[in-house]
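**Q**
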Amino acid sequence: MTAKRSVTVTVNGEARTGEAEPRMLLSDFLRETLGLTGTHVGCEHGICGACTVHVDGEAARSCLMLAVQADGAEIDTVEGLADGETLHRLQQLFSKHRALQCGFCTPGMLMTALDLVRHRPNLTEAEIRSGMAAVLCRCTGYEGIVHAVAEYASGGER
Amino acid sequence: MTAPSPDGYIGRSVPRREDRRLLLGDGSYVADLVLPGMVHAAFARSQLAHARIVSVDFARAMDEPGAAFALGGAELAGEMPPIGGMQVTAPKGWADRVDHRITLPPQNLMASDRVRYVGEAFAVVCADSRYAAEDAVEAIDAEFEPLAAVVDPEAAASPGAEIVHPDIGTNAVAELYVEKGDVAAAMAAAPHRVRRRFRHHRYAAMPLECRGVAAEYDRRTDSLTVWSSTQVVHWVRKELAFALGMAEEKIRVLAPDVGGGFGGKGHVYPEDLIIPYLARRIGRPVRWVEDRHEHILNAAHSRDNIHDAEIGFDDTGRILAFRDDFIVDSGAYSPVGAGVAYNTTAHLLGPYHVDNFAGGTAVVVTNKTPNAPYRGAGRPEAVQVTERLMDIVADTLGMEPAEVRLRNMIGPERMPYEVGLPYRDGVPMTYDSGDYPASLRRAIEEIGGVEAFRERQDKARAEGRYLGLGLGCYTEGTGVGPFEGATVKVDASGKIVVSTGACPIGQGHETVFAQVTADAWKVPIEDVVVLLADTSTLTMGYGSIASRSTVTSSAAIGDASDKVKAKVLAVAAALLEASEADLELRDGKVAVKGVPEMSVTLREVAAAAAPGWLSRRPEGSEAGLEATSYYEPPTVTWAYASNAAIVEVEPDTGRVLVERYVEVHDAGRLVNPGLADGQVKGGLVQGLGGALYESIEYDEAGQLLTGSFADYLLPTAAETPPIEVVHMETPTPLNPLGVKGLGEGGAIAPPVVIANAVTDALKPFGVEFNTLPIRWQDVRAAFDPAE
Amino acid sequence: MKPPRFDYRAPQGLDEALDLLADSGPDARILAGGQSLVPALNFRLARPSVLIDINGVAELAGIDDQGDRVVIGAMTRQREIEVSEDVARAVPLLHEATRYVAHLPIRTRGTVGGSIANADPAAEDPAVAAALDATMVCRSRRGERRIAAGGFFVDVLTTALEPDEMLVAVEFPRIPSGAGAAFAEISRRDGDFALAGVAAQIALTNGRVTDARIAACGLGPAPLRFRNAEEILLDSACETEAIEAACDAVAASSDPHDDVHASAAYRRQLAAAMARRALNAAHTRAGVAA
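Keeping their order, the protein sequence lines are chains A, B and C. Just so we're aligned: 12 in my numbering is position 12 of the first sequence, and the numbers increase by one with no gaps anywhere. Just so we're aligned: 1450 in my numbering is position 450 of the second sequence, and the numbers increase by one with no gaps anywhere. Just so we're aligned: 2078 in my numbering is position 78 of the third sequence, and the numbers increase by one with no gaps anywhere.
Encoded structure:
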């Protein structure tokens, strides 16, 4: 039962299948098996949030799920946000508000913010700060991130 | 396309070139690299702080499924020398002026006979996956004979202490002393003297991307390609060439996208050498991706000082004498020598004029993770001492802290100001430009004024609420040498291609150097290609450490551009049959001044300058449009800042809430104000983290107690207060653009500013916060002295 | 930081899960939301022989308002609790406490049953269960046991569950009319485990306390219920003296530990501070409700 098994997920709308040992983390399955390296791994114990993806439409830590648990699930990652060459509005706002520097936390920030805005309407700044505390950024000091999410929440498509 | 503004790009918040790929998830970090046939490395790391290695047996490890290769430290020590090149030799001007005794221990790439800190590697395994590599590491049978752990740095330096490096014979591996004036006499004569002990805790850079190295060896050409998450690709190549006995040109070191560094990736680590060695030895590409637990155990820590300081002053608050003796707990090794320790000394005087000063330092080794520069690099420790003392002087005399500072500050009329001490580059320290008192007045004004605050504070106290105002000022030597390189060329397409030794870790270097280059060449910014962090594009480079790249790379780019422009003008003059003096660069063309229709494009000039049968360059001129420059700064240029913050402390919990934080920062002319603002703000939040949340803790046996993100606490968006940064822009005369460095500044002041603010809030209870970090439990205890 | 090897089973029904648990020996672990277990796997601190993943057991999830109590299936996600109007109305203490559980992406996966069965002394859900004396519905192939919270939490990460038993649901009593509930917590950062957290529920009749429930997280090896503090409040009008005496009792009855985040003595001070906040808020809300 430690043998590899086949895992099929719908990633960013596309069905993808790979082999995974039961112990393989979803983050590693996405990155190493499916080659989707936009999802980053910063701590592997659920604190930093860099690996956050959407599982069946809700933000979750991909380092705290086994790949086999995602069999049959719909996964959305940062690679699926843009519409062709056009950046998603939140991506544009991150650039506008200088909400990224090294870019390592950015995928987790984006996926967390999208879920947060959908989860809770009429976010106050304090709620944004608390909600975005789910992801650590070591570069920016968060101001740009909070501003980008606030602008998105105030006028963003939900 | 961004049209070139008549005023150029410098000074504008040009959007970052880097953003698009990073937002799309198209960035490429070391952990994202997949090399055909690659194996994954994992290290066996000591679980003991200090022990003799009795035996290491790989038999069971190699039986693990997927295990491919295993190597112990003793065998590696026979193959590769210890890291030696990082121990910067002292420049003459420094060695002549500073009394010093330095005997730094060499660091073997892996422990061979004894382990000296929890996390030190003693073996490495390669396997088909990181999972399998960790399985194999667990199956290594290693036997250790524990030795007494040296944990307390004061005890470490005392007679009878267990010696961490028996070959050296003492744990005090470096001692430095520098003096100006006559401190003993001035101190004795001073009407008031206070003496305090200050402790600055150990904390760390903690980038979100851990470290990582991947390497591929090509046996056909005997060449190595190495990808490292580093701030110093050329330094890594130099050490590799030495350690492996290879020509530098046979080794290419690249840093792909790097997920933050903050100095923590600013020196060569053992893994930078071990992974390429393994790739060559086993003939397969090797990738090592450090995990977070490893990173906290093994990547350099920083700060960690104990200061005993004394200050003498008169009734008006004028400082007459200042002496500070301090210990730096360097951990088991000292990867960048005594440079950080002296950096502390050099920054103790800050923006103040003091005639009599002495700084004495002992760098002590202990059984902890090595200590190396992290954003601020010795300055936060200095500023903690000086800025706490300013408040203590004020308190002693019943004056406002701002008043004591202004009374001692060096005014703009005294610029350039000679400090009377050497910088670590050996040059006498000279503050080059700025208005220190103006920055402090501005910070106070932005926070709402001292008088208004005192009124609020009194009113709040009457209601049982405790508010405090904290100030903090510093000066910061930036843009340090020894050099930076840049190669500039106009390629056949007419684009300007720039490569320099800067290694970006998130600052936006591609954008900043494109701005600098576009202005130098009067071309649209899209016509500039910037190549960074790749040794194959530049012969000698230094790297992005010590708030230096905008200063040093920009100057090298400017100088190399001047050389290439001279060639361009000569070729264009021949093409246009005009005099060089009548030509100008404009919009990617060379045109006759006043006759814009008489022009040639850079592409045409490049074609004409090319070697070969079709060349149309002037007789006797060299072919090609390319030049390399190595900029050697005369010395550092001094940035500075003043900070002010208001805190409230909760009496029932001791929780410290930062209401507002202001920094007035001057880094000379700003190339990209938006990015500069982001650098300062990001640094400030790291400083606030150090003030209130982040601390590396060890127990008495040298066991690390903070080995996860659940225990090592980075501040989140929720802990971050409103921060305002005001940029003054006093250009420096030391470089053509008038720029100063600003990568580190933000991180320097917050710990002491918060310490001052909390002390101010608790003034009715007479408690001083002279130990960092500020712990809520100590704040809570201040309300309840009986406990 | 990769998990060690383990066998993995994903039963689709409760009986199958209980059979697997019974047959897998003492080193088997149940994988619920995984937000505590997977980090432990990644650090290789947990080394189960078999991981029994119950995420596919649909009958274990759900919120069932039965009037006098609300039955919450063990696999109900904390995120569902957070958005459940039924829970907000009937068990407001659990609803409020849930907002202190880590962060939204953790609550997406984290489950009420997982938190309670894991019995982390700093976790919020066990403290709420202790305060309300919730009933743990435990099943094994041998049958069902109903264990009151008071007898369920034994020690750090230790409960009364037998190795072949699984927590399948938690029954929380509905808040009485005229009662108010409040949860107060202090943690180092937003979303961190509690340094000290106090769950309180107070029922008033004609301004006098007819029922008081106080429990805490972060203040002992298991969630603590403070009967002595509750007795101080009973029949009082929650005047300052009574609340202060109750807070003192909470601090005195706490049994906290030292770690890098806080000393035991400081945690005791926080116990009183959080008790004061929770009791005052609960009293105010009870007044509004009454």
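All C-beta atoms in this analysis are idealised placements derived from N, C-alpha and C, irrespective of residue type, glycine included. This one's a predicted model, so the numbers in the text were calculated from it and none came from an experiment.
DSSP three-state label for Ala2169 (chain C), please.
**A** Of the three classes helix, strand and coil, the one that applies to Ala2169 (chain C) here is strand, per DSSP.
**Q** Where are the beta strand (DSSP E) runs, 3 residues long or more, that stay fully inside the segment 1641-1712 of chain B, in chain order?
**A** The qualifying runs are 1656-1666.
**Q** Using only alpha-carbon positions, find the residue among C:Arg2188, C:Ser2140, C:Glu2144 that is nearest to Arg1655 (chain B).
**A** Nearest option by C-alpha distance: C:Arg2188.
**Q** Just to make sure I have the definition right: I need the residues of chain C whose C-beta is within less than 7 Å of the C-beta of Leu64 (chain A). Which are they?
**A** Per Cβ cutoff of 7 Å: Gly2034, Gln2035, Val2038, Pro2039, Arg2109.
**Q** What are the start and end residues of each continuous alpha helix (DSSP H) run of 4 or more residues lying completely inside the segment 1441-1491 of chain B, in chain order?
**A** Segments of the alpha helix (DSSP H) lying fully in the segment 1441-1491 of chain B: 1450-1462.
**Q** Name the two residues that bound the continuous alpha helix (DSSP H) containing Phe1357 (chain B).
**A** Not the alpha helix (DSSP H): Phe1357 (chain B) falls in the beta strand (DSSP E), residues 1356-1365.
**Q** Could you name the residues of the segment 2176-2203 of chain C whose beta carbon sits closer than 8 Å to any beta carbon of chain A, in the order they occur along the chain?
**A** Listed in sequence order: Arg2189, Asp2190, Gly2191.
**Q** Asn2055 (chain C) by DSSP, collapsed to three states: which one?
**A** Asn2055 (chain C) falls in the coil class under three-state DSSP.
**Q** Return yes when the Cβ of Leu26 (chain A) is within less than 7 Å of the Cβ of Met65 (chain A), no when it is not.
**A** In this structure, Leu26 (chain A) lies closer than 7 Å to Met65 (chain A) by Cβ.
**Q** Straight-line CA distance for Ser1621 (chain B) to Asp1425 (chain B)?
**A** About 38 Å.
**Q** Using Cβ-Cβ distances below 9 Å, what residues of the segment 68-90 of chain A are close to chain C?
**A** So the list reads Val68, Gln69, Asp71, given in the order they occur along the chain.
**Q** Would you please verify whether the beta carbon of Ser130 (chain A) is less than 7 Å from any beta carbon of chain C?
**A** Judged by the 7 Å Cβ criterion, Ser130 (chain A) is in contact with chain C.
**Q** Using the C-alpha atoms, what's the distance from Pro2026 (chain C) back to Leu1471 (chain B)?
**A** Using only the alpha carbons, I get a separation of about 59 Å.
**Q** According to DSSP, is Trp1613 (chain B) part of a helix, a strand, or is it coil?
**A** In this structure, Trp1613 (chain B) counts as coil in the three-state DSSP scheme.
**Q** Along the chain, where does the beta strand (DSSP E) that runs through Phe1122 (chain B) open and close?
**A** Counting along the chain, the beta strand (DSSP E) containing Phe1122 (chain B) begins and ends at 1121-1127.
**Q** First and last residue of the alpha helix (DSSP H) that includes Gln1777 (chain B)?
**A** Run containing Gln1777 (chain B): 1776-1782, per the alpha helix (DSSP H) assignment.
**Q** Please report the Cβ distance between Gly38 (chain A) and Val78 (chain A), rounded to the nearest whole angstrom; I am assuming they are in contact, meaning their Cβ atoms lie under 8 Å.
**A** That belief holds up - the Cβ atoms of Gly38 (chain A) and Val78 (chain A) are roughly 4 Å apart, short of 8 Å.
**Q** According to the Cβ coordinates, are Lys1165 (chain B) and Pro1105 (chain B) closer than 7 Å?
**A** Strictly speaking, residue 1165 (chain B) in this sequence is His, with Lys absent from that position. It is a contact, given that the beta carbons lie within the stated cut-off.
**Q** Inspect the beta-carbon positions of Asp1325 (chain B) and Asp1308 (chain B) and report whether they are closer than 7 Å.
**A** In this structure, Asp1308 (chain B) lies closer than 7 Å to Asp1325 (chain B) by Cβ.
**Q** For Arg2142 (chain C), count neighbouring C-beta atoms within 10 Å of its own C-beta (all shown protein chains included) and say buried if the count is 16 or more, exposed if not.
**A** So Arg2142 (chain C) counts as exposed.
**Q** Looking at the structure shown, is Arg158 (chain A) part of a helix, part of a strand, or coil, going by DSSP?
**A** Residue placement at Arg158 (chain A) is flagged as unreliable, the pLDDT there being 40, under the threshold of 50; the coordinate-derived value follows with that caveat. Arg158 (chain A): coil per DSSP, three-state reduction.
**Q** Between the segment 1576-1587 of chain B and the segment 1629-1637 of chain B, do three or more beta carbon pairs fall short of 8 Å?
**A** Short answer: they don't touch.
**Q** May I ask you to report which of helix, strand or coil DSSP gives Lys1368 (chain B)?
**A** Note: Lys1368 (chain B) maps to coil in three-state DSSP.
**Q** Just to confirm the assignment: which complete alpha helix (DSSP H) runs, minimum length 4, are found wholly within the segment 1044-1104 of chain B?
**A** Within the segment 1044-1104 of chain B, the complete alpha helix (DSSP H) runs of at least 4 residues are 1059-1063, 1073-1077, 1092-1097.
**Q** Does the contact criterion of 3 or more C-beta pairs under 8 Å hold for the segment 1204-1214 of chain B versus the segment 1183-1193 of chain B?
**A** Taking 8 Å as the limit for Cβ pairs, the verdict is that the segment 1183-1193 of chain B does not touch the segment 1204-1214 of chain B.
**Q** Would a check of beta-carbon distances place Asn2118 (chain C) closer than 7 Å to chain A?
**A** Chain A, which has no Cβ nearer than 7 Å to the Cβ of Asn2118 (chain C), makes this no.
**Q** What span of residues does the alpha helix (DSSP H) with Glu1138 (chain B) cover, start to end?
**A** 1130-1138 is the extent of the alpha helix (DSSP H) around Glu1138 (chain B).
**Q** Does the beta carbon of Gln2066 (chain C) come closer than 7 Å to any beta carbon on chain B?
**A** So, not an interface residue.
**Q** Closer than 9 Å, Cβ to Cβ, to anything on chain C: give me those residues from the segment 1267-1294 of chain B, in chain order.
**A** From the segment 1267-1294 of chain B, only Asp1291, Arg1292, His1293, Glu1294 have a Cβ closer than 9 Å to chain C.
**Q** For chain C, is any of its Cβ atoms less than 7 Å away from the one on Glu58 (chain A)?
**A** Glu58 (chain A) counts as touching chain C.
**Q** Can you find the residues in the same chain that come closer than 6 Å, C-beta to C-beta, to Ala2061 (chain C), ignoring five residues on each side of it along the sequence?
**A** So the qualifying residues of the chain are Gly2073, Met2075, Thr2076.
**Q** Pop quiz: Leu1688 (chain B) and Pro1773 (chain B) are said to be a contact at Cβ under 8 Å. What is the actual Cβ separation, rounded to whole angstroms?
**A** Between Pro1773 (chain B) and Leu1688 (chain B) the Cβ distance is about 10 Å, and since that is not below 8 Å, they are no contact.
**Q** So Thr1500 (chain B) packs on Gly1541 (chain B), CB below 8 Å; how close in whole Å?
**A** Thr1500 (chain B) to Gly1541 (chain B), Cβ: 7 Å. Contact.
**Q** Ser1013 (chain B) and Gly1674 (chain B) look like a contact to me (Cβ under 8 Å); what is the Cβ gap, rounded to whole Å?
**A** The Cβ separation is near 3 Å, so the contact holds.
**Q** Residues of chain A with a CB under 9 Å from the CB of Phe2043 (chain C): which are they?
**A** Glu44, His45, listed in chain order.
**Q** Since Gly1668 (chain B) and Gly1738 (chain B) should fall inside the 8 Å C-beta cutoff, what is the C-beta to C-beta distance between them, to a whole number of angstroms?
**A** The Cβ separation is near 5 Å, so the contact holds.
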